[in-house]
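Take a look at the structure below.
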Amino acid sequence: MTIETIYIARHGFRSNWLPPPHPEPPTGIDSDPQLAPHGVEQAKQLAAYLTSLPAKDKPQFIIASPFYRCVETAEPIAEMLDLKVAIDRGVGEWFRTNRSTKPVPADYDQLKKFFGTVLIDEVKWPRDNLNVIPSLEGESEEEIFERAQAFWKSFIPAFEEKYPDIDTILIVTHAATKIALGSALLGLTSVFDYIDDNQTLLRAGACSLSKYVRSDKQAGANWEIVMNGNCEFLTKGEEMNWDFREGVEAGSAEDIAKRKAAEEALAGQQQQNTDAPITDLATGSEVDGNDEDFETFYVTIDLPPSNIKGDNDEDTLLRPGQAPKSKNTVIKPSAQLQFTDLKEDHPLIKISNNVSQKTATHGTQSRSRVIDNSLLIDRRIFETNWNRLQGTELVFDENGKFIGSIKEHLICNKNTSFVLKEQGEAVDAEELGDIDDENVNQHALQPEQVQQLRTQFLKKAILKARKKNPEAKST
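For the sequence shown, the UniProt record's numbering gives the first residue as 1, with consecutive numbering after it.
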């Protein structure tokens with residue numbers, strides 16, 4: 001039997017991510033902290049999620065990085081699934097070459113003092129069984145990727161030979177290693193690569209879970225990802241997500257300082273906007289009404305979800321229980337956005353040039369068609385509603401620099417969406433003129449002033465709405 005399913009999880013929330021003072025590492029090893037109480041709860045929630053899966057999907061073997069926080073995360077999982085935890089340095093932490101210390105993790109004897117009931121007997125899987133060991137001089141981004149490649153090359157055949165009856169395993173590791181292992185498994189070229197055409201990166205939040213399955217059960221086959229950094233089972237959702245574009249080690253003092261600076265900048269911005277009305281915050285208008293001042297603002301548009309499947313189910317459904325192959329509704333980089341006055345309570349929006357249907361690739365081989373649901377919103381007009389967030393969303397640029405925050409969403413009302421007339425359907429110019437006349441009569445405007453109020457885009461939307469609902473009136 002071959003390994004068919006690999007889960008990769010990141011450890012839970014670390015104690016040294018909280019404000020000081022921090023507890024001393026239980027093992028006495030530098031940079032080997034225990035989980036915070038919140039991280040312990042996350043580990044239990046991950047364990048409950050894995051336990052709730054159908055029997056065929058549950059992990060049958062657990063391998064953890066030898067660092068304390070990873071074994072501590074694996075402990076409740078092992079207890080709930082009645083398994084043991086093996087450790088392997090091949091999935092250990094990533095330390096940069098310019099780091100002052102590169103700690104060597106604990107061995108079985110040291111860890112048994114804390115996890116004696118869940119650790120496997122060392123003879124069944126020695127810590128350095130594969131001789132894939134992180135360099136004591138530290139690693140570059142290229143070197144951790146090469147380590148991940150070497151790990152899979154040695155691990156899969158060795159494990160399948162030793163445990164031929166096991167086809168589903170769980171690895172508990174660190175953010176950087178989680179990404180490197182996933183990138184190598186998918187056949188990517190580096191830890192910076194996107195995993196699809198939508199520029200999706202591998203997710204690595206605290207206690208997040210990713211799932212990989214064989215795309216073909218033949219020897220040497222490629223793998224594909226069917227779950228990317230899942231955090232739906234965590235009460236607080238995704239926290240402390242990280243990727244190599246951050247430029248600092250995950251969870252390091254530099255990482256925490258960077259996040260803290262972003263939070264402080266956000267808090268300052270929140271204080272400035274506390275008394276501003278929703279429409280002023282969204283449009284960037286100054287509270288004092290000074291039209292000569294401008295500011296950059298960010299707003300999220302929530303599009304209605306789509307559950308429509310592709311035309312060819314044989315192409316989109318690869319195997320029972322596997323994630324669906326239709327993409328979520330996504331705004332493409334090529335898309336064009338039009339909108340009416342954002343000071344209105346219900347702005348209209350239209351998205352154009354947002355259609356594509358491509359072949360999804362996993363590793364170096366193409367396996368299945370992906371039906372892109374983004375085409376379902378292309379060239380449609382939506383009425384939106386303003387919705388103030390309970391919290392805030394942070395906005396970072398491609399280099400990980402904090403640039404702003406989002407306080408409100410524009411939520412599309414799918415029940416009042418408009419669809420443009422098919423090509424070839426003429427729009428009666430006389431009907432459009434009626435709308436202009438209506439404005440002149442209602443507002444005592446000169447005809448040449450009407451165009452400043454009603455664009456062709458908006459007038460067509462109003463006409464469409466009236467034909468669907470004769471009683472509807474424009475505002």
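Note that the Cβ used here is the ideal one computed from N, Cα and C, for glycine as well.
Beta-bridge pairing of residue i - partner residues as DSSP gives them
| i | result |
| --- | --- |
| A206 | Per DSSP, none; premise fails for A206. |
| T168 | T5 |
| Y68 | None, per the DSSP bridge assignment. |
| V213 | T5 and E224 |
| E383 | L348 |
| G187 | In the DSSP output, where bridge partners are listed per residue, G187 has none listed. |
| L119 | V85 |
| R388 | E408 |
| R10 | T173 |
Three-state secondary structure assigned by DSSP to residue i
| i | result |
| --- | --- |
| N230 | strand |
| H174 | coil |
| Y163 | coil |
| H409 | strand |
| V132 | coil |
| H443 | Note that H443 has pLDDT 45, beneath the 50 cutoff, so the model's placement of it is unreliable and the number below is only indicative. Note: H443 maps to helix in three-state DSSP. |
| Q60 | coil |
| G237 | coil |
| L18 | coil |
| G363 | Any reading at G363 must be qualified, since the residue scores a pLDDT of 42, below 50, and its modelled position is unreliable; the value itself is stated next. Coil at G363, not helix or strand. |
| L53 | coil |
| L201 | coil |
| R259 | helix |
| L342 | coil |
| G39 | helix |
| G182 | helix |
| R96 | coil |
| G404 | strand |
| A323 | Residue placement at A323 is flagged as unreliable, the pLDDT there being 45, under the threshold of 50; the coordinate-derived value follows with that caveat. It is coil, neither helix nor strand. |
| R127 | coil |
| Q451 | Below a pLDDT of 50, predicted positions are generally treated as unreliable, and Q451, at 48, falls in that range; the measurement from the model is reported next regardless. Three-state DSSP puts Q451 in coil, outside helix and strand. |
Element boundaries [beta strand (DSSP E), containing residue i]
| i | result |
| --- | --- |
| D30 | Per DSSP, D30 belongs to no beta strand (DSSP E) and is neither H nor E. |
| F339 | Q336 to F339 |
| A86 | V85 to I87 |
Endpoints, the alpha helix (DSSP H) within which residue i is located
| i | result |
| --- | --- |
| residue 498 | Nothing in the structure corresponds to residue 498, since the chain is present only between 1 and 475. |
| K350 | That residue, K350, is in no alpha helix (DSSP H); its beta strand (DSSP E) goes L348 to S352. |
| Y108 | Y108 to F115 |
Beta-carbon separation (whole angstroms), residue i vs residue j, contact threshold 8 Å
| i | j | result |
| --- | --- | --- |
| R89 | R127 | 6 Å |
| W242 | A253 | With a Cβ gap of about 14 Å, W242 and A253 do not count as contacting. |
| S183 | D193 | 6 Å |
| Q45 | E72 | That belief does not hold up - the Cβ atoms of Q45 and E72 are roughly 14 Å apart, past 8 Å. |
| I144 | A180 | 5 Å |
Below-8 Å beta-carbon distance, residue i vs any chain B residue
| i | result |
| --- | --- |
| I120 | This model lacks chain B altogether, as it is built from one protein chain only. |
Query raised in the report: Is it true that the segment 228 to 243 meets the segment 45 to 55, where meeting means three or more beta-carbon pairs spaced less than 8 Å apart?
Result: yes
Query raised in the report: Quick one: any contact between the segment 121 to 139 and the segment 25 to 36, if contact means 3 or more CB pairs under 8 Å?
Result: no
Query raised in the report: With contact counted as at least three CB pairs below 8 Å, one residue from each stretch, are the segment 148 to 161 and the segment 207 to 216 in contact?
Result: no
Requested in this report: Decide if the segment 107 to 114 is in contact with the segment 165 to 175; the criterion is three or more beta carbon pairs, one per stretch, under 8 Å apart.
Outcome: no
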